[in-house]
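Written out below as structure tokens is the structure these notes cover.
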Amino acid sequence: MLKFIKHHMSSIDGIEIYPLISLGIFFLFFVILFIYVFGGGKNRFKDISLLPLSDPNDPREQNEEEQS
25 MLKFIKHHMS SIDGIEIYPL ISLGIFFLFF VILFIYVFGG GKNRFKDISL LPLSDPNDPR
85 EQNEEEQS
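Its first residue numbered 25, the sequence shown is counted upward by one per residue in this note's numbering.
What follows is the structure in structure tokens.
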């Protein structure tokens with residue numbers, strides 16, 4: 025079965041570019057993810073981490089927002 029697939033794939037013109045394209049997309053995704061995670065400020069992640077726990081009626085959180 026694998027021999028049939030390998031022979032069929034080798035008959036397609038330009039097939040050797042597809043692994044390079046997929047490797048490039050894979051690498052580019054993780055580079056962008058790395059920049060997003062380590063390039064962002066700590067305040068952004070602090071705000072995101074508090075979203076599920078925040079209460080819009082809590083006056084302490086409103087004071088913290090005014091100070092920022």
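The beta-carbon is built from N, C-alpha and C at its ideal position, and this holds for glycine as well.
Which first and last residues belong to the alpha helix (DSSP H) in which residue i is found?
i          : result
residue 35 : Run containing residue 35: none; DSSP gives neither H nor E here.
residue 47 : 41 to 63
residue 74 : 66 to 74
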